[in-house]
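Trainee: If you scroll down you'll find the structure; I have some questions about it.
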Amino acid sequence: MLVYSSNAATRAQVMSAVGTRPDPALGVVDFVEVATAAVVIEHLDAGGIDVAILDGESSPVGGLGLAKQLKDEIDDCPPVLVLIGRPDDRWLADWSRAEAAVPHPVDPIRLGRAVVDLLRQHSGRVGARVSRSR
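Numbering (the UniProt record's numbering), first residue to last: 1 to 134.
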């Protein structure tokens with residue numbers, strides 16, 4: 001699972017909220033922590049990511065625009081969940097073609113449910129380590 005935000009605290013909050021085992025039936029989650037859009041593209045282009053969580057409030061590249069770019073440019077793009085600034089921004093998440101959206105501040109229950117739903121839809125590899133990329 002890839003977690004993208006230009007804010008290290010947001011990345012940590014997302015990983016803490018999801019946890020390494022959001023659903024016992026799915027196994028242990030492997031996080032790839034990313035701070036730049038270019039590295040997100042590299043990881044998704046290479047494959048092996050089951051779900052991408054993108055922070056819509058990131059800068060200079062926001063997660064909503066990045067989600068749209070990924071969906072337009074990457075064949076077999078994994079499901080994308082975007083963190084949006086407020087619930088009324090859901091239309092932007094729809095425009096970006098993200099499969100799910102959760103508003104800031106992160107609600108661990110809501111985020112966990114959304115992630116589990118996406119993981120179930122995209123069964124794939126889930127490992128046990130947390131790696132950090134910049």
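Glycine is no exception: its CB is placed at the ideal position from the N, C-alpha and C atoms. This one's a predicted model, so the numbers in the text were calculated from it and none came from an experiment.
Please classify residue 49: is it buried, with 16 or more other beta-carbons within 10 angstroms of its beta-carbon, or exposed?
Mentor: buried
Trainee: How many angstroms separate the CA atom of residue 110 from the CA atom of residue 80?
Mentor: 15 Å
Trainee: Give the range of the alpha helix (DSSP H) segment to which residue 73 is assigned.
Mentor: 63-73
Trainee: Rounded to whole angstroms, what is the Cα-Cα separation between residue 7 and residue 82?
Mentor: Roughly 14 Å separates the two Cα atoms.
Trainee: Do residue 11 and residue 3 have their CB atoms nearer than 8 Å?
Mentor: yes
Trainee: Output yes or no for whether 8 Å exceeds the beta carbon distance between residue 100 and residue 118.
Mentor: yes
Trainee: Check the DSSP bridge columns for residue 53 and list the partner residues they point to.
Mentor: Bridge pairing for residue 53: 3, 81 [DSSP].
Trainee: If you measure between the beta carbons of residue 66 and residue 32, is that distance less than 8 Å?
Mentor: no
Trainee: Name the DSSP beta bridge partners of residue 103, please?
Mentor: 84
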